[in-house]
Each structure stands twice: as C-alpha cells, then as structure tokens.
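Peer 1:
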Amino acid sequence: MAVTNLYPNLPGHLVEFKDGGLQLTNDTSSNSSKKSLLILGTAFDGPINEPVKIDKDTVSQLFGSEVNDKGYPNGATLTKYAKQAFKNGFNDVRCMRVTGSLASVELKKNVVTSTEEVEARSTGIIAGNAEQEFDTQIKADVFISATANAVGGTGSALSIATKTGDNGNAFVVIPANHVTKNSQLNVNVDYKKINTATPVTQAITSDATNSDHVTLTPQSGQTIDVDSISVKIDSAPATKDTEYTVATAGGTVTITFNDSDPTVQAAIAASDNVTVEYKYSTVVNTSLSVQLVDAPQVITLPNTPVTGSVSIATAGGAAVASSKFTVTGKDVSINAGALDINTEVIITYKYEVSETKADKMTIRSIYGGTIYNQASVEITPMTNDDGEHGLKFKFTKPDSKLYSNADKPFFFTSFECPTVGTLKQALANYALNNVFEIIADDEDIETKDFDLFSGNLEGGEDGVVVTANQMFEALSGKRNQEGYLIEQGAYQILENYNVDYIYPAGVYANMKQTVNPHSNFHNELALVCAVLTYRTKMTHGFIDVKPNSNTTLVGIQQYVDKLLAYDNTHYMMDAEGNDIVDKEGNKMDIGWYTSVVVGPEPVMVSDTLGTYYGSPAIAYAALNASLKPQSAPTNKALPGVKGMKYKFSNKQMNDLIGNRMVVFKLKNEGTTTASSVPYVVDGCTAGAEGCDYARLSTVKIVTDVVDQIREVADPFIGEPNTVEQRNALSALISKRLGNLLEQGEIQYYEFEINATIQQVVLGECSIALTLVCPMELRKITTVVALRAAA
18 MAVTNLYPNL
28 PGHLVEFKDG
38 GLQLTNDTSS
48 NSSKKSLLIL
58 GTAFDGPINE
68 PVKIDKDTVS
78 QLFGSEVNDK
88 GYPNGATLTK
98 YAKQAFKNGF
108 NDVRCMRVTG
118 SLASVELKKN
128 VVTSTEEVEA
138 RSTGIIAGNA
148 EQEFDTQIKA
158 DVFISATANA
168 VGGTGSALSI
178 ATKTGDNGNA
188 FVVIPANHVT
198 KNSQLNVNVD
208 YKKINTATPV
218 TQAITSDATN
228 SDHVTLTPQS
238 GQTIDVDSIS
248 VKIDSAPATK
258 DTEYTVATAG
268 GTVTITFNDS
278 DPTVQAAIAA
288 SDNVTVEYKY
298 STVVNTSLSV
308 QLVDAPQVIT
318 LPNTPVTGSV
328 SIATAGGAAV
338 ASSKFTVTGK
348 DVSINAGALD
358 INTEVIITYK
368 YEVSETKADK
378 MTIRSIYGGT
388 IYNQASVEIT
398 PMTNDDGEHG
408 LKFKFTKPDS
418 KLYSNADKPF
428 FFTSFECPTV
438 GTLKQALANY
448 ALNNVFEIIA
458 DDEDIETKDF
468 DLFSGNLEGG
478 EDGVVVTANQ
488 MFEALSGKRN
498 QEGYLIEQGA
508 YQILENYNVD
518 YIYPAGVYAN
528 MKQTVNPHSN
538 FHNELALVCA
548 VLTYRTKMTH
558 GFIDVKPNSN
568 TTLVGIQQYV
578 DKLLAYDNTH
588 YMMDAEGNDI
598 VDKEGNKMDI
608 GWYTSVVVGP
618 EPVMVSDTLG
628 TYYGSPAIAY
638 AALNASLKPQ
648 SAPTNKALPG
658 VKGMKYKFSN
668 KQMNDLIGNR
678 MVVFKLKNEG
688 TTTASSVPYV
698 VDGCTAGAEG
708 CDYARLSTVK
718 IVTDVVDQIR
728 EVADPFIGEP
738 NTVEQRNALS
748 ALISKRLGNL
758 LEQGEIQYYE
768 FEINATIQQV
778 VLGECSIALT
788 LVCPMELRKI
798 TTVVALRAAA
C-alpha cells in the first residue's frame, strides 16, 4: 500500500508494505568540536568590543557572573551562553561584549586660556512696517474707498484695506511690509455726502400714449438715492408698487403712476398735484496724514560681538551711521525708518574665540561597568629626601576588584615616574593592577606639576539592560540620516576577524527594531558572515527566534503561525533598502550564511542556574562543530542537552522547515527506545528557495574545501606569478582535493588556475573550482507486502 508523503519538507522514515522487508538505523557522531564560536552579548564586566578566547573556568572571572548575589539570573548573556557552549561540546569559545562603557577621569595641568578676535560678517534684509490701522472719522455707511502714498515717496498709490471700527467709523489698514518703517502717509479717502433735494411738484395729466409719470434727472456728480424717494398725491402719501413704481436708467429716475388705481384715477380727474421728495449724494474726496510707528528691526548675530566692533553697510557699499543702530549682546537693533524697506545690509563685527589648552592625561578603567565608578584617583603634593617638591599618584580599586585583604591602594611618585609615559608603563606593569590604565596623546609630559585632584572615575556603564534599538546599534553601528556609518559596531570591528561560527546572544531573528527600516537582526548577521567569508574564512551565523511563552497546544500553534509569517529571505541591500545585484543582474542571497534555529529550547543544567532553558542556536552550532563536513546534522542528537521545553507536531515541523527554519524533535516516542535528548529534524540554512547552499552539509563541505585551498595557496602569495608557480599551486590543490575525494567528503572535483595578461600585470590569478558534494540521505521509504506462505 502506498503511503502519501504528507510532509514533503520533513526528513524521516516512510513505510510502504510490499514483498520483503527492510529496517534502517542511523549512526550518531562524536561530540568533539574543532570549530570556533564567537558569542556577542552583554556582561557586567570585561573588555568592550574586543573578542577574547575564554575557557569555562575563567569566563565568569573576566565577564562576571550570570547570576546576582541571591543566585537569580541577572540578565547578562555572555557568561550564560558561553557556559552552555562548553556544555554542548565547544572547545574554542570566544566572547565579545558589545555594550557598556569605560569609567574615566581627565587630569590636567598648565591650563591656559587664550582669546583671539575673529572678524565675521552677517547679512540681513530690512523689513517694512508692521500692520497698523487708523480711524478716518468717516462713518462706514458712506465710505467708498481709500488709497495711500508715502510722503516724499515715488511710485503708484499703495493698495490698502479697510474695516469698520467698533465706533461705526471706517478704518484704513496699512498691511505689513508695505512701506518703510515709520513712514508718514497721505491717505486719500472718497466718501458719499448726502443732500436733500428741492421737492418736485407737478400736476397729474392723462397721456394716451404713456402712463402718467414724473422724471427726476440728477445734475452732474449727483446720484439719486432711490430709497429716499417719497411721493405725495394732493399732499397725501402714495403707496409704492400699488399707486406708483420707480425705475432707474442711466442715473435718471422715472416715477410711473398706476392708471388703474382708483386713487390715481381720482387725482387725474381732479387735476391734482403730485409732490416728489428725495435725497441725492455727491462724492467728496478728503485726505488725512498718518504717521506709522514701528519698532526697530533686530538682527541676531551668531556670536556676541566685541564692544564697538559692529559696523553696518548696505549691499551697495553705503555706510550706516552708528547713531542709527544699537547693539545689545548678540542683537543688533536698526532704528525704524533708518533704512528703506528691502535694503540688504551687511554687518561686520569681531567676536572673541577662547581656547583652553592644557597638558592632560586620562585615567580610565581597563574594562567597562558601573563597578569601576567606585575606583578613585588622588594627586597630592610631596617632598623627597632632597627637599624637592613633587606629586604622589594614588590609585584605589573597588572592593570587589581586590585580590585579597593584602591588596591595598597603591601609588607612584613623580620622582620615580617623571613623565606620563613612565607612569603609564609603571601602572601597566604593576602586578596587582587590574583596574586602571592611562591614555595620553603626549607621553613626554612631566608629571611633577599636575593639578591636585581627588575623586572617582565616572561614566562606567554595564549595558546589560538595553533596548532592541540600542542592541542593534551596538552590533551594526550608528548611522546618520543619510545612512553613513558614524560609529562602528561589533560587526564592523569584526570584519577581518577569523572565526567559524557567530552567535548574537539576546537578540532574535524576528526581533523588531526601528533604527533601520530596511534591515533586521538576521539580515545584519547574514551580512557580517558574508563579509567575513569574503575577507578571511567561511563563517556561518546561528540565531534564535523569540522563545515561546505559551506551551499549550493552542499557544504552540499560534507561535508557529507567527514564525511562518516571518520573511526568511535575505538579500544584500544598499542603505535605501534596494537589492544589490551581481554582474548577471541576480540578487545576492546572503541568507545561506546563517541558520535560524527555532528549537524548542533545550533543557540545560548549570552549577549556577540549575536547570534552565538554553539557546537552541548554540546547541545546534555545537552539534555541527562536532560533525565531519560531509555529515549533516539531520537526525543527530544535540550534545549536552537533557530535554526540550515542548514539542512540535509533524505538521508544524514540516511547515517550519518549509520556511527554512531548524527544529528539534524527540525520537521514537511511545516505544521502549524513546529518546529524552532532542534530535535535529533537518539541517537547512536560511538560503532562498532554489539556492545551491540550502543544505548546511553543502555549506560545511564547501567551507572545508575553500579553507583548505586558502591554506595551500597562502605560501604562494608574494612569489612570482609565473607558469611554474601556478603549476606548483595546481599540484598542491589537486593533492589536497584528492585526499578529500578519498575520504568521501566530495564525490568529484575539477579546477583550473587562470591568469590573463592583465591579471599577470596586476599580480593576480583565479581558481575556477567545480565540486560535486555528496547529497545527504534525508528520507527512507520501506515497502512492505505480505503473502500467504514462505
């Protein structure tokens, strides 16, 4: 019966029943590690940004304990994971503390402050008036318009606004920056003057052609106010729109009577008189003089000028009299109206630059941490037996750094250490000094006349409690807004370092940060491993994911869903997040330089922490370090591990491996051979889909081959680039690759050493190498069938 392969990404053993049978077993490998591991993390003590090779006995002495005085974890990662690495089988462990700061104090002598006058120039543009308003003393209901001209000014009239004041008068508004400050303006105002006209009286007559009407014709310059018209018929008021209507045309007003109205008919019959009363307006022009009142214009200089050094000139070169401006501190106040609006001015002045120079040296802690803020330095006067005056330099260590009760404060004198250089050397050579060092630009400075001092070192920080952003910058460096590196991080410092594996402790592949929106902790690790591979030797990075805090069935599934949403593809990008491509236009995959290890977390045992959950990535790295290059980690037990925190289902493991993540499992559960030690399900890298280096075994084989070729080729660097030398190199490479072929590490190889004429001139040659790596056995299918008799 055929069995459906439910989990195509999951290595394992499938069974199909047919004639015959087959049973398979898998070998385990030795846990002896030959690879080096560099752990990047935090600590309360030890050097900063300096990789140090340690052993399991000295790591706590150098970097401090991973537990506090009460035996609880203190948050430091270096010591904790270094001890786990040794427990998992690593022999070569290096630690690099990436956070914290040194404590220091600066000591000075011969402090001299010199002052120099420096000439400077600043420019400015003279602004105009502030917005101001004036009462025209004319009621707003008769106001028409207004214009303004500067007295003595040239050009067209200024356009000004108007508004109605609270008193009902019309106000003119002079907008800001219209004229020179403190200008006097002539404001011309047009308004309407209302006049009462002489009443018009005439008899109503009947006209066969037109309706009866009265015509009012204004004189030149007059405007009849239609609303003021009042009509009386035989002294009785007439009703508008009933007895008469009013119409205007070209200024002439026609009053037409309604012949059908009985009142009008009676008036016509009696030949009554009609009287029209009305008002008219004339336009009157008047002018008023207004004086703008403005504040001086203040131009603030970058520096405080020397008294009496300020001079002002226009851009045209005309000097501005000193009576037209004042200087207060950095502010130059130019009198309102002293210069025309929009005049460019150049302010020339002198300011003092003070420079303090001193001979100095810095006493700082060798390692970083707040503990070193307890260290102190004291400089006191002394006299020797010959009566000569000198100084005593006393150094007091923190109590926790004393080797024994006999370890007392120590001192040096200016007589035995006459220069900073000799004092520095004496301090470095003192056997009980594990705290202080001297930094100085000039080591020939004499020590006999330093300023007296007594105080502690300052500025030491542990750097254990850090944010994700701080950790990202500690690893990847600080950059400005343009993306340029302004402060190196651990990864930049390591770019020429020789190591096999790198593990960043306390950070996770899916950990978020906001420093660089185009990258993450995993990308940065992949990038440094790619750079190290190019510059030194092939380096592989191992990184954890955030641990699962909810180990219920629902919690585990939710955790898996989050991990499946993680984008586990990693290409080399520029500062703007654009993909960098090779000569063929292909994106440069750097994911295969790393492995993302989900776990679950392995159970570890420690003398200090007891039973705890360790790093899956370190356990996985230790396993790979113990295997031969051609032996994959698939189906291998994790060394030094007692168990694991929880279990994934087959489907969950299959899905996670599909996202190129490493997971662990327990073997043969429910049987007498069930394991308590976790096994690796599949040895994949984070290489993109279709990448040739998707298998970690492939990466390990290529790593070993490349490292061996580097070793063979190194003696030829510096020798003549001749055919004979290249032939000798070819013979050595062939011999080394032949040995690997015999050992089964590779199945086939071919290579060619080339050197074009241009390469010969440049002193270069290239090795074109093709390998066939043995493919790891990932799945075995046993077909079983039954028959009636033997």
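Its first residue numbered 18, the sequence shown is counted upward by one per residue in the numbering used here. Ideal Cβ placement from N, Cα and C applies to all residues, glycine included.
To the nearest angstrom, how far is the alpha carbon of P791 from that of K73?
Peer 2: Distance between the alpha carbons of P791 and K73 is about 36 Å.
Peer 1: Suppose contacts are defined by Cβ-Cβ distances below 8 Å. Is N359 in contact with I143 by that definition?
Peer 2: Against a cut-off of 8 Å, the Cβ pair of I143 and N359 comes out as a contact.
Peer 1: Just reading off the alpha helix (DSSP H) that K668 is part of, what are its end residues?
Peer 2: It spans 667–675 - the alpha helix (DSSP H) in which K668 sits, taken as one unbroken run.
Peer 1: Near K604, which residues of its chain fall below 7 Å by C-beta distance, leaving aside the five closest residues on each side in sequence?
Peer 2: Cβ neighbours of K604 beyond the five flanking positions: Y588, D596, V598.
Peer 1: If we ignore side chains and look at the alpha-carbon of each, how far apart do Q154 and T265 end up?
Peer 2: Those two C-alpha atoms are separated by around 32 Å.
Peer 1: Sort out for me which residues DSSP pairs Y368 with in a bridge.
Peer 2: Answer is V135, P322.
Peer 1: Could you check if E83 is buried or exposed, using at least 16 other CB atoms within 10 Å of its CB as the buried criterion?
Peer 2: Answer is buried; the Cβ neighbour count reaches 16.
Peer 1: Along the chain, where does the beta strand (DSSP E) containing A220 start, and where does it finish?
Peer 2: Taken as a continuous stretch (DSSP letters only), the beta strand (DSSP E) holding A220 covers 217–220.
Peer 1: Along the alpha helix (DSSP H) that carries S751, what are the first and last residues, could you check?
Peer 2: Counting along the chain, the alpha helix (DSSP H) containing S751 begins and ends at 740–759.
Peer 1: First and last residue of the beta strand (DSSP E) that includes S162?
Peer 2: Residues 160–167.
Peer 1: Enumerate in chain order the residues of its own chain whose CB-to-CB distance from L440 is below 7 Å, with the five nearest sequence positions on each side excluded.
Peer 2: Within the same chain, L440 has close Cβ partners F410, F429, C434, I455, T464.
Peer 1: Count Cβ pairs between the stretch 412–421 and the stretch 129–147 that sit closer than 8 Å; are there 3 or more?
Peer 2: With a cut-off of 8 Å, the stretch 129–147 and the stretch 412–421 do not count as touching, because too few Cβ pairs lie within range.
Peer 1: Take every Cβ of the stretch 633–644, pair it with every Cβ of the stretch 546–561, and state whether three or more of those distances are shorter than 8 Å.
Peer 2: Yes: the two stretches touch, three or more of their Cβ pairs being nearer than 8 Å.
Peer 1: Using CA coordinates, which residue listed in N676, G675, M670, I674 is at the minimum distance from L683?
Peer 2: The shortest Cα separation from L683 among N676, G675, M670, I674 belongs to M670.
Peer 1: Note down, one range per segment and in chain order, each beta strand (DSSP E) of at least 3 residues found wholly within the stretch 626–704.
Peer 2: 627–630, 678–682, all fully within the stretch 626–704.
Peer 1: Please look up how many angstroms separate the CB atoms of R743 and A772, rounded, as I've assumed it's under 8 Å.
Peer 2: R743 to A772, Cβ: 6 Å. Contact.
Peer 1: Cβ atoms of P650 and V697: under 8 Å apart, would you say?
Peer 2: In contact: V697 and P650 (Cβ atoms closer than 8 Å).
Peer 1: Assess, as a yes-or-no matter, whether the stretch 301–315 is touched by the stretch 278–292 under the definition of 3 or more beta carbon pairs within less than 8 Å.
Peer 2: Contact between the stretch 278–292 and the stretch 301–315 is absent, because fewer than three Cβ pairs lie under 8 Å.
Peer 1: So Y551 is in the alpha helix (DSSP H); what residue range does that whole segment cover?
Peer 2: Its alpha helix (DSSP H) spans residues 538–552.
Peer 1: For a quick check, are the C-beta atoms of Y518 and A638 less than 8 Å apart?
Peer 2: In this structure, A638 lies closer than 8 Å to Y518 by Cβ.
Peer 1: Under 7 Å: does the beta carbon of P415 sit that close to some heavy atom of the ligand NAD?
Peer 2: The ligand NAD is not part of the structure shown, which contains no ligands of any sort.
Peer 1: In the DSSP assignment, the beta strand (DSSP E) including I351 goes from what residue to what residue?
Peer 2: That run of the beta strand (DSSP E) goes 348–351.
Peer 1: With H, G and I counted as helix, E and B as strand and the rest as coil, what does DSSP make of M488?
Peer 2: Helix at M488.
Peer 1: Give me, in chain order, the residues of the same chain whose beta-carbon lies closer than 6 Å to that of N817; leave out the 5 immediate sequence neighbours on both sides.
Peer 2: With the chain covering 18 to 807 only, the question about residue 817 has no answer from this structure.
Peer 1: Start and end of the alpha helix (DSSP H) containing N359?
Peer 2: Taken as a continuous stretch (DSSP letters only), N359 belongs to no alpha helix (DSSP H), as it is neither H nor E.
Peer 1: If you draw a straight line from the alpha carbon of V516 to that of F61, how long is it in whole angstroms?
Peer 2: Roughly 24 Å between the two C-alpha positions.
Peer 1: Buried or exposed: where does P216 fall if 16 or more other Cβ atoms within 10 Å of its Cβ makes it buried?
Peer 2: Flag for P216 reads exposed.
Peer 1: Measuring CB atoms only, is the stretch 577–587 touching the stretch 742–758, in the sense that at least three cross pairs come out at less than 8 Å?
Peer 2: No: fewer than three Cβ pairs fall under 8 Å.
Peer 1: Helix, strand or coil for V789? Go by DSSP, reduced to three states.
Peer 2: In this structure, V789 counts as strand in the three-state DSSP scheme.
Peer 1: Our contact map puts T387 next to G477 with C-beta atoms below 8 Å; I'd like the distance itself, whole angstroms only.
Peer 2: Right, their Cβ atoms sit about 5 Å apart.
Peer 1: Could you work out which residue in A642, L640, Y384, I396 is closest to I120 when comparing CA atoms only?
Peer 2: Before going further, note that residue 120 is Ala rather than Ile in the sequence given. That would be Y384, whose Cα lies nearest to the Cα of A120.
Peer 1: Express the C-alpha separation of A443 and T436 in angstroms, rounding to a whole number.
Peer 2: Approximately 11 Å between the Cα atoms of the pair.
Peer 1: Considering only their Cβ atoms, is the gap separating A654 from V614 smaller than 8 Å?
Peer 2: Cβ atoms of V614 and A654: not closer than 8 Å.
Peer 1: Starting from V729, trace the beta strand (DSSP E) both ways and give me its first and last residue.
Peer 2: No beta strand (DSSP E) contains V729, which is instead part of the alpha helix (DSSP H) from 713–730.
Peer 1: Kindly indicate which residue of N667, I573, H539, E618 has the alpha-carbon position closest to the one of D606.
Peer 2: Of N667, I573, H539, E618, the residue nearest in Cα terms is H539.
Peer 1: What ranges does the beta strand (DSSP E) occupy inside the stretch 225–281, keeping only unbroken runs of at least 3 residues that lie completely in it?
Peer 2: Entirely contained in the stretch 225–281, the beta strand (DSSP E) runs reaching 3 residues are, in chain order, 230–233, 239–250, 261–266, 269–274.
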